[in-house]
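Only one structure is covered here, and it is reproduced in the block below.
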Amino acid sequence: MYGHEFTKDFGIANIGQTSCILIVEDEEIIQEMLAVALQEQGYKVVTIADGQSAVEYLESFEQDTEGFCCDLIILDLMLPGISGLDICHLLRYQGNPVPILILSARSSEVERILGLEVGADDYMSKPFSMRELVARCRALLRRQRISTSHQTAIFKFKEVILNTQERCVLVRGQQVNLSPKEYRLLELFMSSSQRVWSREQLLDTIWGLDYVGDSKTVDVHIRWLREKLELDPSNPEYLVTIRGFGYRFG
Ligand code: CA
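Numbering (the numbering used here), first residue to last: 93 to 342.
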């Protein structure tokens with residue numbers, strides 16, 4: 093009924109399997125479906141059914157020096173007690189940067205804008221596809237990991253070196269100029285070497301979920317990147333095409 097597909101094979105490697113996801117949802121069936129689907133993907137799940145308990149749960153972590161509560165919150169809007177929007181607003185007001193994906197039965201544009209303006213990172217309206225929800229959760233968790241792992245990494249593979257601190261790329265000893273999107277693509281590939289990325293995953297991660305273009309955008313950027321990295325762009329050794337799926341680095 094909510095298009096949930098408990099398929100284990102999502103065709104991609106599960107990364108961040110130990111991430112903890114907090115589900116705040118009062119509809120028992122949806123809460124259960126979410127929990128099962130996310131646990132199947134290897135995530136740790138905490139479920140809460142009303143707004144007041146969610147706030148208490150989140151505030152119980154404030155004493156914690158790290159302020160850690162979870163890596164992602166799936167937040168229903170219409171909750172008994174305190175609404176999802178208020179919870180979202182409160183978390184951002186307190187400076188909590190945890191990624192928030194809002195779920196709502198109300199899908200008008202106003203709601204959508206409102207949800208994002210109070211600091212939510214993504215929004216899905218019910219009924220939703222469980223497969224899409226899992227993919228979006230994964231994208232949010234990945235984006236967070238990328239943004240927090242920026243410090244001083246230097247990635248090297250064969251003749252390509254990427255320095256995240258100086259934001260520069262050397263290919264066969266020569267510095268190459270990359271556009272911001274090309275750079276982010278390369279950084280993503282090099283920080284997850286050997287991982288196969290689908291075009292959709294690359295779009296979600298680099299262009300964001302709100303991007304309205306299609307996956308050909310990815311192919312175009314890969315082509316440009318190949319021209320800058322590869323000795324023979326038509327026979328790439330770095331940005332390898334995985335037929336019918338996407339790309340892999342190395
Ligand atoms: Ca509800």
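Virtual Cβ for every residue (Gly too), placed ideally from N, Cα, C.
Since I believe residue j is in contact with residue i (beta carbons under 8 Å), could you give me their beta-carbon distance rounded to a whole number of angstroms?
i    : j    : result
R276 : G338 : Wrong, their Cβ atoms sit about 16 Å apart, outside the cutoff.
I174 : G143 : 3 Å
L317 : E251 : So it is not a contact: roughly 14 Å between Cβ atoms.
S283 : F247 : 6 Å
D214 : L183 : Actually they are not in contact, since the Cβ atoms of D214 and L183 sit about 15 Å apart, beyond 8 Å.
V263 : R340 : Wrong, their Cβ atoms sit about 18 Å apart, outside the cutoff.
Count the other CB atoms within 10 Å of the CB of residue i; is the residue buried (16 or more) or exposed (fewer)?
i    : result
Q286 : exposed
A129 : buried
D168 : buried
P191 : buried
V261 : buried
D296 : buried
N327 : exposed
R259 : exposed
L294 : buried
L323 : exposed
T110 : exposed
E158 : The pLDDT assigned to E158 is 47, lower than 50, so where the model puts this residue is not dependable, and the model offers no usable value.
D306 : exposed
Y330 : buried
V210 : buried
A146 : buried
R230 : buried
R315 : exposed
When every heavy atom of ligand 1 is checked, does at least one fall within less than 7 Å of the C-beta of residue i?
i    : result
E119 : yes
M170 : yes
Thinking C-alpha only, which one of the options is nearest residue i?
i    : options                : result
V332 : Y303, K308, D306, F281 : F281
P172 : D163, Q293, I140       : I140
I334 : R264, E319, D311       : D311
M216 : Q186, I166, I253       : I166
K218 : D324, I122, E329       : I122
L177 : R235, E120, S152, V116 : V116
E151 : V137, V304, Y185, V210 : Y185
L232 : Y330, W299, D118, Q267 : W299
V137 : A146, H313, E120, L114 : L114
M170 : R315, G265, C180, D163 : C180
L195 : R234, A212, P189       : A212
F220 : R234, R198, T309       : R198
E319 : N269, E279, T309       : N269
For ligand 2, is there any heavy atom lying closer than 7 Å to the beta carbon of residue i?
i    : result
F337 : This structure does not include ligand 2; its bound ligands are ligand 1.
Exercise. Just checking, does the segment 216 to 229 make contact with the segment 109 to 129 on the three C-beta pairs under 8 Å criterion?
Worked result: With contact defined as three or more Cβ pairs closer than 8 Å, the segment 216 to 229 and the segment 109 to 129 are in contact.
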